[in-house]
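So the structure is just underneath, and the comments pick up after that.
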Amino acid sequence: MDYRLGKMMADYLSHQKLMSKKEYKQTITRSLNRYEPILSALENEYDK
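Right under this line is the structure:
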C-alpha cells in the first residue's frame with residue numbers, strides 16, 4: 603500500500619474515533635519505516 607493511501611486511511615479512522623491516537627502514531631511510524639528506504643533509494647538515483 604502506498605504511503606499516502608495508508609496515511610489517508612489512518613487519518614479517516616482516527617477522525618471517526620475508530621483508531622486511538624496511540625494506534626494512529628504507530629501506524630504512521632510503521633508506514634514511514636517501510637517507505638523511507640525506498641524513497642531514499644529513489645532520491646539517490648535521481649540525484650546521480
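If you're matching positions, the sequence shown starts at 603 in the working numbering and goes up one per residue.
Cβ coordinates follow ideal geometry from the N, Cα and C atoms, glycine included.
Here the structure is a predicted model, which is why all the values come from computation and not from measurement.
Complete runs of the alpha helix (DSSP H) confined to the region 607-649 [at least 4 residues]: 623-649
State the Cα-Cα distance for the pair E647 and E638, rounded to the nearest angstrom. The residue you call residue 647 lines up with position 45 of the sequence shown. The residue you call residue 638 lines up with position 36 of the sequence shown. Rounded to the nearest angstrom, the two C-alpha atoms are 14 Å apart.
Assign S642 to buried or exposed, taking buried as 16 or more other Cβ atoms, counted over all protein chains shown, within 10 Å of its Cβ. By 1-based counting over the sequence shown, the position of residue 642 is 40. S642 comes out exposed.
Label S622 either buried or exposed according to how many other C-beta atoms from any shown protein chain fall within 10 Å of its C-beta, with 16 as the threshold for buried. On the sequence shown, position 20 is the one that residue 622 refers to. Exposed, since its Cβ has fewer than 16 Cβ neighbours within 10 Å.
For S633, which residues in the same chain have their Cβ closer than 6 Å to its Cβ, ignoring the five residues on either side in sequence? As a position in the sequence shown, residue 633 is number 31, starting the count at 1. Correct list, in chain order: Y605, G608.
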